[in-house]
Amino acid sequence: MNSPQNYTNMSKAFSDLQLLEFLIFDTHRSEELFKEEYYEHLDKEQALAMIASAHALAERDMFPYYQEMDGNPAKYDGNGKVMTHPQLKVIVQNAAEQGWIGASASFEHGGMQIPESVNNAAQHIFQAANNGVQGYLGLSAGAARLITNFGTMEQVERYVKPIFEGQWQGTMALTEPQAGSSLADIKTSATPTDQDYYKIKGQKIFISAGQHEACDNFVHLTLARIEGAPAGVRGISLFIIPKYRVKDDGDLEYNDVFCAGEYEKMGQKGYATTHLVFGDDDNCRGYLVGEANKGLTYMFQLMNEARIGVGQTAASVALAAYKAALQYVQERSQGRHPSEKDPEKDPVLLIEHADVQRMLLTQKAIAEGALSLACECNKRYDLEHVLSGKEKDDNHLLLELLTPVVKAYASEEASRSASLAIQVLGGYGYTLDFPVQQHYRDIKIMAIYEGTTGIQSMDLLGRKVVINNGRALQLLTKEISKSIAQANEYDGLKPYAGQLEEALNGFIAISQHLFKYAQNNELERYLSDANVYMEMAGHMIVGWQWLKIGTTASQLIKDNKHNYTKGFLEGKIHTMKFYYKYELPKTKVCIEVLKEDSWLTDLRDYNWF
Amino acid sequence: MKYLVCVNKTPDTTAKISFKNDGKEFDDSGVQYIMNPYDEWYALVRALELKEANGGEVVLINVGGPENDTVIRKGLAIGGDKAVRINGSGDSFYVASQIANYAKDNNFDIIFAGKESIDYNGSEVPAMVAELLDLPFISYGIKLEMEGETATVTRDVEGGVEIAEVNTPFVISAAKGMAEQRIPNMRGIMMAKKKPLDVVEPTSVEARVEISSFELPPPKAEVKLVDPENMDELVRLLHEEAKVI
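Residue numbers (this note's numbering), protein chains in the order written: chain L, 1 to 609; chain B, 610 to 854.
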C-alpha cells in the first residue's frame, strides 16, 4: 500500500456525516423513497451505513493523498501514456469493490439500485476528500449510465461490467479544438461500414480521465457526425469508442485511440485531462449508441446529471475548505479584542474575532446551502424512478430548472467561499503548506466544466423559465410558497419567510419584465444579463434551501426527538439568519440591475475596451 | 473452527465528551456511536481471515440494548455470519459474565476481543471471560497464526516482542497489527440485514463496580513559542510554569 507523505498542516475534517444525515433524511426526507418499490430493498439504517463506509474509505484512501497528488500531478510521457499517482489505482479498485461506481444502476444492469440521494452523499464525501479522484469514479458511472440507458444489451454486457469493476474507465468525449463549448460545430466523423461499427476520425480535447495508469482500458462515449448528417446539433450521434476493442474471441486489440497530450492545469492536478486523437491510422472503430443523430439528446441526459454533480463538487470542496479554516481558527491565537487595551494580555483565538466569524459563517452559508440544493436535485432525480404521469412531468420540469442553478450558484459562490478560507488563514492560507489554496484552485474549473456559468445562465433564462409556458417557474413558485407556509408556523422564522416571499415576488416580477424582450424578438438583449439573472435566482433559491433548513431544525428542536447536538441545530438556524442578512439581499441589487433599461454590453467599437 | 468476537459500541472518536447526573453518567446526547475500533479492525478481521483460510463460523456477541444493533450489523456487513445480543447492561464483570455464559454452551475455539474499548479503556472483559471459562488468555496480540489447533501469538513487550503458543480453546485480545481495517461494502451492508441477530435475555449477575464520578481532563494549555536563541526562557517556563524540571 502507498503511504502518503506527511502533510503536517493537513486539516483533520473534510466532511460532516451529521450534516449529511440532517440534509438527506430530515430536510429533504429521502427516507420516503424507501417506501417505493424501486428502492424498497433499502432502509435508512443501511443507507447511513453505506455513507459511513464511504467516509471510512475516503478517510483511509483518498483524503491523505489530496495534497500529495497536487504536488505530483498527472504527467504525459511524450508517447501516449499519462503517468498518474500510484494511489489512484488503489482508490479506483477499492471504490469499485465497495460498489460505488455502479451504485445507482439498476439490479438488471449489475448495479446496487440505490437512490442518488444516498449515492451522491458518498460522492460528496469523496469530492470533499479528494475531488480529482472522485472525477474518475463519477465519469465511469456516467458513461456506464449512458450505455445502460441507450445502448443495446450486448453493449451493456460488454462494457458496463468492467467499468463497474474499476478495470475500465468510462469518459465523455465532447469538446474539440475548433469548437470549444459550441457542440454544434464538432467535426469528428463517423463513416459507416458494412460491419457493426463506424470508422471514426477526429480529435477531442479536455477529456478528463482519457488516459491514465489506474485502468486497463478506456470507453470513450464520444460525439461524432455520421457522414451526410445534418449540420448543427441535429446531426450529432453518440458512439462507444474503446481504446482497446474487444475481438470476437474476447481478446483486446488496439483501436487507434491515441493520447496526444495531457494538460497542465492550475488545479485538479492529479486528475488527468487529455487530448485524444481518433483514427490517425484509419483504424478506429466506433459503435453507435441508440439511434443516429440523437447523440446530443442522449448526452444531455448525462450532461444534466453531470451539471448537478459539478455543482455538488463545488459545494463539497468549499465545505472541505471551510472545515480546514474552522480547524485553524480554533488553534491559532492572534490579536486581541478591540476593547482590550492591555498589550500584555494573551492573544485570543482567531475564532473570537467578529470578522473571522463573518468569513466562517459566509463559507458555511454557501457550502451547506449549495449542498442542500444538490440534495434537493438528487431527491428529485430519484423521484423520477417512482413517480408517474403529471407528477413525474412536473418533478422533471422543476429539476430541469434547478439544474443550471445548482451548477452556476455552487461553482461561482464556492470560489468565493474558498477564497474566504484562504483569507481566514491569512498569509499561511496563501502558502502550499495548507490545503485551502488547493481547494481554491480546484474549485475554479467547476464554473467551466459541463457548460460555463454563461451557458448555464442562458439555459436558465432562455429555456428553463419559459418552457411549457413558464410551467417550471410556476412549479418553483409553488414549492417555495409551500416552504414559506411551513416556516410561518414558527414565530421565530416568520421574518425570514417574509423576506423570502419578497425575494420570490421580485424574482417573478423581474422575470416578467425581461420576458418582454423575448416577446419583441430582442433575443440578444433578453439574454445579455442572463448572468445577473442567474445570480439573483441562485441567491433566492439557496435562500429557499436555508428556510427549509431553518424550519427543519426548528421542528427537530420543538419535537425533541433527535440525536443531534443542540449546537448543531441552533447553528443551522443561526446560519439561516446570517444568510438572510448578508446574502439574500443581494437579489435586490440584481433586480435593480436587471430593471435598468440601458444596455452596456453591446459595444461595437472594441477600442473602448 | 468457531470464532466468537466480542464487539463493543463506543462513542465516535470525534464525539464531544460530557457527563450528567453529578458526573456519574456519560451524557450521550448528540453522540454518534461506532464499533470499538480494536474489536472491528483487529479482532473481527483476524477472525474473518482465519475463517476464510480454514473454514468455520464467525459469531459476534454484544451486551447491550437494541440501540446497539446498528453497530452489530456493521460487523455482519464486514463478514460476520451471525450475531447475538445479550439484552442487558452493566459493569465489566456483568458483561464478561454474560459473554462467558453464552460461550460455555457453544464450544468456540477462539474468543476474540479488542485489547480495550476506546471509551473506558478498561481492558478487563476478555481477561474476565477467560477466567470465568477457565481458558488460557493472551492479551495484546499483534499477530496470530494457526497451525492445526495450535496458535502462535506475537505480543508487543517493552523493547521487543514475545511469542507464545497456545492450544484452542483460548481467549485473545487483539491490538494494532493483528489485521488491517476492512470497510464494509454495499453488498455486505445489504446482506447484513438478512443475517441472524439473536437477542438473548441476560442471566442475573450483580454488578461489582459503582461509578463515583467522572471528571474531564484539564483543558490543554495553550502552546507557547520560545525563541530558540532564548533557552533561559525555556528553562524558566519548564521550571516555573510547567513545573516539570
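We put the beta carbon where it would ideally sit given N, CA and C, even for glycine. Predicted model only: the values in this text are computed from it and were never measured.
Do residue j and residue i count as a contact pair if the criterion is CB distance below 7 Å?
{"i": "L:ALA173", "j": "L:ALA272", "result": "no"}
{"i": "B:TYR749", "j": "B:ALA773", "result": "no"}
{"i": "L:ALA143", "j": "L:GLY102", "result": "no"}
{"i": "L:TYR366", "j": "L:THR27", "result": "Before going on, a small fix: residue 366 of chain L reads as Ile here, not Tyr. No, the Cβ-Cβ distance between L:ILE366 and L:THR27 is not below 7 Å."}
{"i": "L:ALA321", "j": "L:HIS212", "result": "no"}
{"i": "L:GLN456", "j": "L:ALA408", "result": "yes"}
{"i": "L:LEU547", "j": "L:LEU302", "result": "no"}
{"i": "L:GLY99", "j": "B:MET800", "result": "no"}
{"i": "L:ASP382", "j": "L:SER117", "result": "yes"}
{"i": "B:ALA652", "j": "B:GLY723", "result": "yes"}
{"i": "B:GLY689", "j": "B:VAL667", "result": "yes"}
{"i": "L:PRO191", "j": "L:GLU227", "result": "Looking at the sequence itself, residue 191 of chain L is Thr, so the reference to Pro does not match. In this structure, L:GLU227 lies closer than 7 Å to L:THR191 by Cβ."}
{"i": "L:ALA537", "j": "L:TYR526", "result": "no"}
{"i": "B:SER701", "j": "B:VAL814", "result": "no"}
{"i": "B:MET787", "j": "B:ARG694", "result": "no"}
{"i": "L:GLY80", "j": "L:CYS259", "result": "yes"}
{"i": "L:ASN217", "j": "L:TRP168", "result": "yes"}
In chain B, what lies closer than 8 Å to residue i by C-beta?
{"i": "L:HIS41", "result": "MET799"}
{"i": "L:GLN555", "result": "Near L:GLN555 there are no residues of chain B at all, since even the closest Cβ is about 17 Å away, more than 8 Å."}
{"i": "L:LEU57", "result": "ILE792"}
{"i": "L:ASP18", "result": "According to the sequence displayed, residue 18 of chain L carries Gln and not Asp. Residues of chain B passing the Cβ test: GLN641."}
Using DSSP with H/G/I as helix, E/B as strand and the rest coil, what is residue i?
{"i": "L:LYS615", "result": "Outside the shown range of chain L (1 to 609) lies residue 615 of chain L, about which nothing can therefore be said."}
{"i": "L:SER598", "result": "coil"}
{"i": "L:GLU489", "result": "coil"}
{"i": "B:PRO828", "result": "coil"}
{"i": "B:ASN671", "result": "strand"}
{"i": "B:TYR612", "result": "strand"}
{"i": "L:ASP43", "result": "coil"}
{"i": "B:PHE635", "result": "strand"}
{"i": "L:TRP100", "result": "coil"}
{"i": "L:PRO192", "result": "strand"}
{"i": "L:TYR430", "result": "helix"}
{"i": "L:CYS590", "result": "helix"}
{"i": "L:PHE63", "result": "helix"}
{"i": "L:ILE240", "result": "strand"}
{"i": "L:HIS513", "result": "helix"}
{"i": "L:GLY309", "result": "helix"}
{"i": "L:GLN169", "result": "strand"}
{"i": "B:MET787", "result": "coil"}
{"i": "B:PHE823", "result": "coil"}
{"i": "L:GLY110", "result": "coil"}
{"i": "B:THR763", "result": "strand"}
{"i": "B:THR679", "result": "helix"}
Can you list, in chain order, the residues of its chain whose CB lies under 7 Å from that of residue i, leaving out five sequence neighbours each side?
{"i": "L:MET62", "result": "ILE91, PHE126, ALA129, ASN130, VAL133"}
{"i": "L:PRO177", "result": "GLN203, ILE205"}
{"i": "L:TYR428", "result": "PHE434"}
{"i": "L:ALA315", "result": "ALA367, ALA370, LEU371, ALA374, ALA410, ALA414"}
{"i": "B:LYS713", "result": "LEU742"}
{"i": "L:GLN499", "result": "TYR580, LEU584"}
{"i": "L:THR8", "result": "Unreliable placement is indicated for L:THR8, whose pLDDT of 48 sits below 50; no coordinate value is reported for it."}
Taking Cβ-Cβ distances shorter than 7 Å, what residues in chain L pair up with residue i?
{"i": "B:ALA788", "result": "Neighbours of B:ALA788 on chain L: none; closest Cβ ~14 Å, over 7 Å."}
{"i": "B:ARG845", "result": "Going along chain L, no residue has its Cβ under 7 Å from B:ARG845, so there is no contact; the nearest lies around 17 Å."}
{"i": "B:LYS802", "result": "GLN46"}
{"i": "B:ALA686", "result": "ALA49"}
Less than 8 Å between C-beta atoms, sequence neighbours within five positions excluded: which residues of the same chain meet that for residue i?
{"i": "L:MET1", "result": "Confidence in L:MET1 is poor, its pLDDT being 48 and thus under 50, which makes the residue's placement unreliable; the coordinate value appears in the next sentence. VAL90."}
{"i": "B:SER732", "result": "LYS724, GLU725, SER748, SER782"}
{"i": "L:ARG225", "result": "ILE186, LYS187, THR188, SER189, ALA190, GLY235, ILE236, SER237"}
{"i": "L:MET112", "result": "GLY99, GLY102, ALA103, SER104, ALA105"}
In chain order, what residues of the same chain have a beta carbon less than 6 Å from the beta carbon of residue i, not counting five sequence neighbours either side?
{"i": "L:LEU33", "result": "TYR39, PRO115, ASP382"}
{"i": "B:SER726", "result": "ASN617, THR619, ASN645"}
{"i": "L:GLY151", "result": "VAL289"}
Identify the contact partners of residue i in chain L, using a Cβ-Cβ distance below 9 Å as the criterion.
{"i": "B:LYS683", "result": "ALA49, ALA52, SER53"}
{"i": "B:ARG655", "result": "Neighbours of B:ARG655 on chain L: none; closest Cβ ~18 Å, over 9 Å."}
{"i": "B:THR679", "result": "GLU45, LEU48, ALA49"}
{"i": "B:ARG764", "result": "What B:ARG764 touches in chain L: nothing, since even the nearest Cβ is about 24 Å away."}
Quick one: list the residues of chain B neighbouring residue i, beta-carbon separation under 9 Å, in chain order.
{"i": "L:ALA507", "result": "Here residue 507 of chain L is Phe; the residue named in the question, Ala, does not match the sequence. The contacting residues do not exist; L:PHE507 stays about 37 Å from chain B at best."}
Residue i versus chain B: which residues are under 7 Å apart at the beta carbon?
{"i": "L:THR601", "result": "What L:THR601 touches in chain B: nothing, since even the nearest Cβ is about 50 Å away."}
Residues of chain L with CB under 8 Å from residue i, in chain order?
{"i": "B:MET795", "result": "MET50, SER53, GLN98, GLY99, TRP100, ALA103, MET112, ILE114"}
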